[in-house]
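Heads up: the sequence shown at position 162 corresponds to 243 in this note's numbering, and the numbers run straight through without jumps.
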Amino acid sequence: MQVSGYNEILEAFERFCTFSTEKNSIIQNLQHIVTNKDTVLDIGAGTGCLTIPLAKIARKVVALEPSREALTYLERKALKNKLTNIEFIKSKWEKIGHIGTFDIVLCSHTIYHLRDWSKVIRKMLQISRKHAIVVVHCKNDEFHKFLGTFWYQVHQYDYPNTHNHSYILDLIGQMKLKPYVKFIDCKLSIPNVREAMTLCKFFFEKTDFQSGVQKKLYQYFVNKETGQGISINYRNAIIIFKPESKL
């Protein structure tokens with residue numbers, strides 16, 4: 082995703098990580114899998130929402146990210162956290178050549194941007210020694226209803242209808258593998274309208290909104306009783322599988 086105001090969108094994503102329980106919930110579940118002896122590949126690392134906390138647990142984390150802006154942002158965060166066990170690779174997952182093997186291969190919310198999901202999963206299995214992990218939205222929740230409501234108003238086309246966790250489970254099942262699935266309920270607590278409009282830059286991959294749409298977003302994000310921000314609930318699926326998990 083390379084659009085006008087991309088750095089603003091990166092900042093908005095960081096705010097999302099701050100206000101959502103998602104990051105902590107994912108890390109809490111991965112702590113039972115990742116050890117201080119493990120190497121981790123983070124596919125589509127972005128600004129390091131998971132890379133940074135994983136680097137505090139694992140022996141080494143390789144952050145694979147196609148965006149130079151996002152990777153620079155991540156490098157600064159690693160420096161700020163005094164982490165020296167992160168390797169940064171600027172590349173698209175589809176174009177990466179021989180990258181070696183890892184104990185854990187993680188793909189959190191990146192798979193939506195990749196074309197052949199079956200190929201992605203097979204490649205993850207090939208380079209993972211212990212576990213391959215995919216984190217995806219479950220959809221049909223409050224958050225995605227919000228996106229579906231406003232996406233057309235912002236972009237003048239329908240919200241992209243990507244596959245969800247059920248499709249991934251079907252693909253893994255076709256490979257005769259038995260995945261473990263953990264559902265996590267997340268909450269995005271937005272303190273005020275100003276922060277809400279900042280988050281919308283990330284939600285809609287856009288930095289400016291028409292006045293009519295902006296007014297409707299304002300109205301959506303204000304609690305009519307308190308005048309403050311609102312909370313949005315949503316659900317993710319953590320799908321864990323490995324080569325030897327045959328049915």
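Built from N, CA and C at the ideal position, the CB exists for glycine as well.
Note down the Cα distance separating Q112 from K137, rounded to an integer number of angstroms. For the purposes of this step, residue 112 is taken as residue 31 along the sequence shown, with counting starting at 1. For the purposes of this step, residue 137 is taken as residue 56 along the sequence shown, with counting starting at 1. Distance between the alpha carbons of Q112 and K137 is about 11 angstroms.
Enumerated in chain order, which unbroken segments of the beta strand (DSSP E) with a length of 3 residues or greater are wholly contained in the region 180 to 224? 183 to 189 and 209 to 218
Given a threshold of 16 other Cβ atoms within 10 Å of its Cβ, counted over all protein chains shown, does Q308 qualify as buried or as exposed? Numbered from its first residue, the sequence shown carries residue 308 at position 227. Sequence check: residue 308 is Gly here, not Gln. Exposed is the call here.
With 16 other CB atoms within 10 Å as the buried threshold, where does D239 fall? The residue given as residue 239 occupies position 158 in the sequence shown. Exposed is the call here.
In terms of alpha-carbon separation, which member of I170, F285 and Y193 lies closest to Q237? Sequence index remark: in the sequence shown, residue 237 carries index 156 (1-based). Residue F285 is the option with its Cα nearest to Q237.
C-alpha distance - N304 paired with Y233, whole-angstrom precision: As a first step, residue 304 must be located in the sequence shown, where it is residue number 223. As a first step, residue 233 must be located in the sequence shown, where it is residue number 152. For the pair N304 and Y233, the Cα-to-Cα distance works out to about 23 angstroms.
In three-state terms, what does DSSP make of T98? Taking the sequence shown and counting its residues from 1, the one referred to as residue 98 is at position 17. Per the sequence shown, the amino acid found at residue 98 is Cys instead of Thr. Here C98 sits in helix by DSSP.
Cβ of E325 within 7 angstroms of any heavy atom in the ligand NAP? With respect to small molecules bound, the structure shown includes none, and the ligand NAP cannot be examined in it.
Can you find at least 3 beta carbon pairs, one from the region 142 to 149 and one from the region 197 to 215, that sit closer than 8 angstroms? no
Tell me, please, which residues DSSP counts as bridged to L269. Within the sequence shown, numbered from 1, the residue matching residue 269 stands at position 188. Answer by DSSP bridge pairing, in chain order: S101 and I313.
Just list the residues that DSSP pairs D123 with in beta bridges. Numbered from 1 along the sequence shown, position 42 holds the residue referred to as residue 123. D123 is bridged to A144 and L187.
Among I114, P324, K104 and E95, which has the Cα closest to the Cα of Y154? Position 73 of the sequence shown, counted from the start, is the residue given in the question as residue 154. With distances taken between Cα atoms, Y154 lies closest to E95.
In DSSP terms, what A318 is bridged to: For this step, residue 318 is matched to residue 237 along the sequence shown. Bridge partners of A318: V217 and F264.
Sequence-distant residues of its chain with Cβ nearer than 6 angstroms to Q83 (five each side left out): Along the sequence shown, one-based indexing puts residue 83 at 2. Only weak support exists for where Q83 lies, its pLDDT of 45 falling under 50; the value from the coordinates is given anyway. Shown here for Q83: not one same chain residue has a beta carbon closer than 6 angstroms to its own, the five before and five after excluded.
So, for I107: in the same chain, excluding its five sequence neighbours on each side, which residues have a beta-carbon less than 8 angstroms away from its beta-carbon? Indexing the sequence shown from 1 puts residue 107 at position 26. Here the set comprises L131, S189, V216, I265, N317 and I319.
Whole-angstrom C-beta distance between K158 and G129, which should lie under 8 angstroms: Translated into positions along the sequence shown, residue 129 becomes position 48. Translated into positions along the sequence shown, residue 158 becomes position 77. Yes, G129 and K158 are in contact; Cβ-Cβ is about 5 angstroms, under 8 angstroms.
Residues bridged to F284 by DSSP? Mapped onto the sequence shown, residue 284 falls at position 203. Partner(s): none; F284 has no beta bridge.
Alpha carbons only, please: which of T191, M205 and N166 is nearest the one belonging to I180? As a working mapping, residue 180 is identified with position 99 in the sequence shown. For I180, the nearest C-alpha among the options comes from M205.
Verify whether the separation of the beta carbon atoms of V201 and L195 is less than 8 angstroms. Reading the sequence shown from its first residue, position 120 is the one you call residue 201. Reading the sequence shown from its first residue, position 114 is the one you call residue 195. Yes, these two residues count as a Cβ contact at 8 angstroms.
Suppose you measure from the CA of L328 to the CA of K173; what does that come to, to the nearest Å? The sequence position of residue 328 within the sequence shown is 247, counting from 1. The sequence position of residue 173 within the sequence shown is 92, counting from 1. Only weak support exists for where L328 lies, its pLDDT of 48 falling under 50; the value from the coordinates is given anyway. Taking the straight line from one Cα to the other gives about 32 angstroms.
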